[in-house]
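First comes the structure, then the notes that go with it.
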Amino acid sequence: MGGKPTPAVGFAAGIERMIIAIDQQKIEWPLKKELNV
6 MGGKPTPAVG FAAGIERMII AIDQQKIEWP LKKELNV
């Protein structure tokens with residue numbers, strides 16, 4: 006992309022895999038019916 010090299014740090018949690026695993030285990034998420042914006 007051009008420009009000088011810039012040091013960086015990356016992080017990935019694999020959120021999609023965690024959601025799939027939770028769905029497969031039939032874990033219920035506590036959902037609030039209120040919305041506070």
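Using my numbering, read the sequence shown as starting at 6 and increasing by one per residue. Ideal placement from N, C-alpha and C gives every residue a C-beta, glycine not left out. Because the structure is a prediction, the values reported are computed rather than measured.
If you draw a straight line from the C-alpha of P35 to the C-alpha of T11, how long is it? Residue mapping note: residue 35 aligns to position 30 of the sequence shown, counting from 1. Residue mapping note: residue 11 aligns to position 6 of the sequence shown, counting from 1. Between P35 and T11, the C-alpha separation is close to 42 Å.
For the alpha helix (DSSP H) holding E21, just list the boundary residues, first then last. Sequence index remark: in the sequence shown, residue 21 carries index 16 (1-based). Here the alpha helix (DSSP H) through E21 covers I20 to Q29.
Express the C-alpha separation of E21 and G8 in angstroms, rounding to a whole number. Within the sequence shown, the letter at position 3 stands for residue 8. Within the sequence shown, the letter at position 16 stands for residue 21. Distance between the alpha carbons of G8 and E21: 33 Å.
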